[in-house]
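Chains as they are written, first to last, in this note's numbering: chain Z, 8 to 728; chain H, 21 to 378.
Ideal placement from N, C-alpha and C gives every residue a C-beta, glycine not left out.
Here the structure is a predicted model, which means the values were calculated and not measured.
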Amino acid sequence: MPGIPSDSSSLIPFALEGSSQPPPVYPLQHGLRAPIHRIHISWSRGNLLNVTCLRPPPDQQEEMAREDDGIGGKAIEVLLGGAILEGNIGEHKRRRIAYESVKSYAFLHDKKISLAKMETGDNLSAPALTYWWQYTLEYSKSIRDILGNARLHRPLIEDPKNFLKPEEVEQPIGTKAAWELMEIFYVDMQLLSWLPERLVDWLEGYDSLLSKTETVHSKLAILQRKVTSMRVVEDEPGYWNGLAAALAVGWLDVVAKLLRLHGSYDPDQFDKRETENGLVEAVVLLVSEMPRMRPNLPNGKLGICYQTKHDYIKGLEKWRVKVSGLESSPFWVHCNHRPTRDGLINLLHILLGDAKHIADATSHWLELFISHLLYIRPLTNGLEGMGNLAEKCMNLKPSANNGLTSLLAGILSENPEIVLADCLKAFGPWIVAHAVDLLTANSEYTDGLLNEERYQLGGASIGELYMLVYAQALASHPLTWQVAPAYLSTCLNQGRGLLEILLLRQPVQNYRVVLKTLEICHLYELGNISTHIMKMAGMYQWKHGHKGLGIYWFQQSRDRTRLSQIAHKLFDNIGKSLSDDSFKQWEGLMELLGSDVGIAGGLEFLHKYREFKRSLQQIVNGGTVEAAKKSTELLVQLMRNPSTPQRFWLPLLLDSVKLLEWRSGPLLGVSETNLLLGKLQELSMAKLRPDFHGGELKPNALGDVRLALAKNLGRAILEES
Amino acid sequence: MADSGDRRRFIYNLHEQSKPVGAVRWLPSVSPFLRLAAMSVLSPPAIEIHSFSSQSPNPNPDLNLVSSYPLPSSATSLTSFKSHNYTLIAASTSTGSLHIFSVNPYDGKIESQIISISDKDSFHCGPIQSIDVETSSTGECATAGEDGRVNLVLIGEDKVENFRVCESDGLVAYTAVKWGSPVEFVTGGVGPGLQWWDKRRPGGPVAQFKGVWGHGTVTGMIHSLDIHPSRKHTCVVGGSSGAVYAWDLRWQQQAITLAGTGLEAKSQPFSESEVWEVKYDAFTPQVSSTKVLPVMMCSEDGFLAVLQQDERPVQLLEEPCAINSFDIDPQNPSDVIVALEWESVGILSRGREETEMA
């Protein structure tokens, strides 16, 4: 049935052998009746695919054709998604990121080139290397800003019931999360000692991206919605679950805020709840005093910072003693509210690093991983240890992997190739092209791996290959193609060729676009390409009747062949008609061609020729002797003038026959006749040459002219003697 | 090279548009608090009116889209003017049509399209590259096209008439037109430079200037023209290779170079790329009455600068992408609006802080 896709009418992409996931199937509604005879697929501009479906020709299926409404085929446009970045950001946002990031990228590469020049071929010395990671860090930060600053709208009066982070202006984007993750692991060398804490911070920003439903963030979001309508929060199991979850991933400020919503803080209540309140407050205090192995904390975050490992371990021991002291405190007996007692003790277990409680409180393996880093193995350092831990957490909490989690797993497995491949798959070519510099910032091994020229990639390196992929994505869009050259120019092997192709492919219809393209040619010193483009533009304009613009482009490109062709064509036409209109055209053309063309004296000749033709016309219609004499004068002038093109000699000589045969005596003197005879002789000699351009002539034309000239010579001699 | 201006006295705000912007023009505003600007959007082709409040406490006022009107193809030229207390916008397109809209001056709503001409035979059969409206008396709109035609459109009370001034059959491609007086206008194009036309003397241009760009070594096209109402004999020209020059009708044979390798290659070029638009800048004080008035220009390599004869150029902006168009507010010449290649519009206010401090 038309309009309803069925199995028989959907297009299925070719499945690759050995791929782990089944290929996605996208049904296309082509609305044709089965069977489909033929399918043509071709790329249109950008990500647009043209799919043409054809039904069998009617002569084979005549009966069916009669039943049908006669549609023999259909062409469908299919827009494939995921061009430059991941899918959840708008097209214009992607272009914005592409525009903004090119500045940072070009700046970093300029630095690279200038540093390389300073080192003049030697290996980068140690000081240069230290500079280098700082440059890369600057670059990374500028890119991070481009991806979106988490500008927070802080309310003037804080609502105590608003414990979750204030709504961010924009939803965090996965690309930014991935970028930050790579920055943490690959670039910032100063932060390596407090890597676990950086991961805690990272998770706080991007927890909501891990999964839609199964995260601490989603748990808290639900609680946040409910909490305003809850009368007695401590009776709700959700409250305690949320508290445990927030504590497990280290969102201490959220925990403190939530705990202070506890009913025991309420000033007007009937029961005696001082002990209960004291216990809650004690937990709040312990939470806010948690030792943290990091140089500082942002405003509003809780904990006590320790710079060195030694101080930290000491602080941690003291604090743990306090926590276990509270856990075994006799006051719990006096706490009458059971959920409070259980909930608080659960929190203390988490603080003490009880693996079971931590596992219960978290939802995603990554959260579990972070919580292990925070409470059980805070001194974990090195990727290997983290990798083992991550694997363990994955086994404990098998959750669906998405781009971010597989990226982290890739980073921990210390395989940059996998990291880049995962990034490309999840976040598109933009991030990969820009991340190569992050990955190679501090590792000579990765640098070698990604920038090594590979024979099987046509001499390109892996890094260059990703750059080319991104440049292609940019080039496919009419608004971003101008950004692509900046990336192509950094690709040493294939970039130049692709840049040339890209420039040659730009439309030449609009002269402004042509000028913009030429500007890029100029920037990258592609003189021959700009000549090509100008020639193409010239041809286009000439064909469309814009002679002025056409000749302009030919002149700019110094296309002498085409210009002289135009000039020859022009002269061919001149003899044929001499009306005012067409003459004006020739005049204009001649002016445009100027002295550039090989035909000398163009305009001057044209005017004299016209004058001669006009006077000749008068004589043929019956003119006076004076007119005939004047016309003869013009003829001699034309013949004497060296600028008269040779191709006009014969037509002029043929015209002269009319004057030679003037009835009332010879118009030309002996010397003038000799001049014409000389030209005739030269012409008959030239005729033997292969490059002679004679046009169409009567076979005995030359003979006629010679005869007339000879007769005239005779008459002239007689007259003069 | 250029003085990079005293940036502290400027307020510059960039407004992302998420669509390519071709040309920008200020609209005459009736209220000092609400400013209006028209812009031509290229895909999908349309005219848009945006408003922003210039006196709000917020230092970064947002540009708000007020209204938009679709065009049959992308706009090549845009101009705004006042006629009989109406605010009008005229736009020409790449398919050779001319459209005139009336705009409510209080809120910026496009009320109606009052004129739409498109005729391959009697009007233009290719892109109209430039239009200009004579506002002081006749209200005639001159259109110059790549097809080598120059037309005058007379907007009457009840009918619209157009006259062909020139038909060059494609020998000349006109790229710029500007009125000098109610009866005279200047055109610029590819090939033979500048032409001065007089309606009272039909049949052809009354004066011509054939400038040869940098001895023919670089491309030479004219992109923009401007004539100052107080000096109707001088025409300032912006074109290829960073060339900005002034042509005085009284000394037709030589032009005064303001920037670029231009006509004689003596001066160091300020910008070497296309100068897309030039306009007299009423805000910059004039140094000497015998010299060419200060001129603002924008270029493909992202410069916005003020040029003066025999002075170093004052650079106002240096953008990473091309500045396609700009406009100086006639009512408030300190304010400049620019259209950038990368889908954004910038508003530059000059000298505001200084006056606040004083």
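Problem set entry | Three-way DSSP call (helix, strand, coil) for I276/H in this model | I276/H carries a strand assignment under DSSP once its states are collapsed to helix, strand and coil.
Exercise. Any beta-carbon of chain Z closer than 8 Å to the one on A359/H?
Worked result: no
Exercise. Could you give the C-beta distance for V192/H and H243/H, rounded to a whole number, given that I count them as a contact under 8 Å?
Worked result: Actually they do not touch by this definition, with Cβ atoms about 15 Å apart.
For this session: Ignore the nearest five residues each way along the sequence and tell me which others in E181/H's own chain have a CB closer than 8 Å to its CB.
Result: The residues are V173, L174.
Problem set entry | Cβ of E526/Z within 8 Å of any chain H Cβ | Cβ-Cβ to chain H under 8 Å: yes for E526/Z.
Exercise. Curious, which full-length alpha helix (DSSP H) runs of at least 4 residues does the segment 208-248 of chain Z contain?
Worked result: Secondary structure remark: continuous alpha helix (DSSP H) runs of at least 4 residues inside the segment 208-248 of chain Z, in chain order: 223-234.
Problem set entry | Three or more C-beta pairs below 8 Å linking the segment 522-534 of chain Z and the segment 547-556 of chain Z | no
Exercise. For the 8 Å Cβ check, are there 3 or more pairs between the segment 218-235 of chain Z and the segment 394-413 of chain Z?
Worked result: yes
Exercise. Any idea what DSSP makes of F143/H, helix, strand or coil?
Worked result: In the three-state DSSP reduction, F143/H falls in the coil class, being neither helix nor strand.
Exercise. Whose C-beta lies closer than 6 Å to the C-beta of W199/H among residues of the same chain, with five residues either side of it excluded?
Worked result: In chain order, D152, E154, F205 place their CB closer than 6 Å to the CB of W199/H, counting only its own chain and leaving out the 5 sequence neighbours on each side.
Problem set entry | CB of L309/Z within 8 Å of CB of V294/Z, strictly | yes
Exercise. My guess is that I469/Z and L457/Z are in contact by the Cβ rule of under 8 Å, so how many angstroms apart are they, rounded?
Worked result: The pair is a contact, with the Cβ atoms about 5 Å apart (cut-off 8 Å).
Exercise. Would you call the segment 181-191 of chain Z and the segment 431-448 of chain Z touching, i.e. three or more CB-CB distances under 8 Å?
Worked result: yes
Exercise. For R151/Z, which residues from the same chain have a beta carbon less than 8 Å from its beta carbon, with the 5 sequence-adjacent residues on both sides left out?
Worked result: For R151/Z, where only same-chain residues beyond five positions count, the Cβ hits under 8 Å are K183, W186, E187, E190.
Exercise. Applying the criterion that 16 or more other CB atoms from any shown protein chain within 10 Å of the CB defines a buried residue, is T524/Z buried or exposed?
Worked result: buried
Problem set entry | Contacting residues, own chain, Cβ-Cβ under 6 Å from P48/H (five flanking each side not counted) | K102, T107, listed in sequence order.
For this session: Using a Cβ cut-off of 7 Å, pull out every chain Z residue sitting near P340/H, in sequence order please.
Result: K110
Problem set entry | Alpha-carbon spacing of L464/Z relative to R503/Z, whole angstroms | Approximately 16 Å between the Cα atoms of the pair.
For this session: Tell me, please, whether the CB atom of G595/Z is closer than 8 Å to any CB atom in chain H?
Result: Output row for G595/Z: interface = yes.
Problem set entry | Rounded distance between the beta-carbons of A58/H and L98/H, thought under 8 Å | Between L98/H and A58/H, the beta carbon gap of about 6 Å places them in contact (Cβ cut-off 8 Å).
For this session: Determine the direct distance from the alpha carbon of I352/Z to that of G332/Z, and round the result to whole angstroms.
Result: 12 Å
Problem set entry | DSSP state of L309/Z mapped onto helix, strand, coil | coil
For this session: Could you tell me how far apart the beta carbons of S345/H and S319/H are, in whole angstroms, since I believe they sit closer than 8 Å?
Result: S345/H to S319/H, Cβ: 11 Å. No contact.
Exercise. Could you give the uninterrupted runs of the beta strand (DSSP E) lying entirely in the segment 42-124 of chain H, keeping only those of 3 residues or more?
Worked result: 54-61, 66-73, 84-90, 95-103, 106-113, 118-123
Exercise. Short check: CB of V358/H to CB of L337/H, under 8 Å?
Worked result: yes
For this session: Check L360/H in the structure and name its three-state DSSP category.
Result: Note: L360/H maps to strand in three-state DSSP.
Exercise. Would a check of beta-carbon distances place L159/Z closer than 8 Å to chain H?
Worked result: Note that L159/Z scores a pLDDT of 46, beneath 50, so its modelled location is shaky and nothing firm can be said.
For this session: Using a Cβ-Cβ cut-off of less than 7 Å, list which residues of the segment 539-562 of chain Z approach chain H; keep chain order.
Result: G552, H553, K554, G555, L556, Y559
For this session: May I ask you to report which of helix, strand or coil DSSP gives N344/H?
Result: strand
Exercise. By DSSP, does E374/Z sit in helix, in strand, or in coil?
Worked result: helix
Exercise. By how many angstroms is the C-alpha of Q501/Z removed from the C-alpha of L368/H?
Worked result: Cα to Cα, the separation comes out at about 42 Å.
Problem set entry | Beta carbon of V109/Z nearer than 8 Å to that of V490/Z | yes
Problem set entry | Neighbour-count burial assignment, P436/Z, 16 or more Cβ in a 10 Å radius | buried
For this session: Specify, as a first and last residue, the run of the beta strand (DSSP E) that G259/H falls within.
Result: Counting along the chain, the beta strand (DSSP E) containing G259/H begins and ends at 251-259.
For this session: Please confirm whether I137/H and S117/H have their CB atoms less than 8 Å apart.
Result: Yes.
Exercise. Can you list, in chain order, the stretches of the alpha helix (DSSP H) that have 4 or more residues and sit fully within the segment 469-541 of chain Z?
Worked result: 469-482, 491-495, 502-512, 518-530
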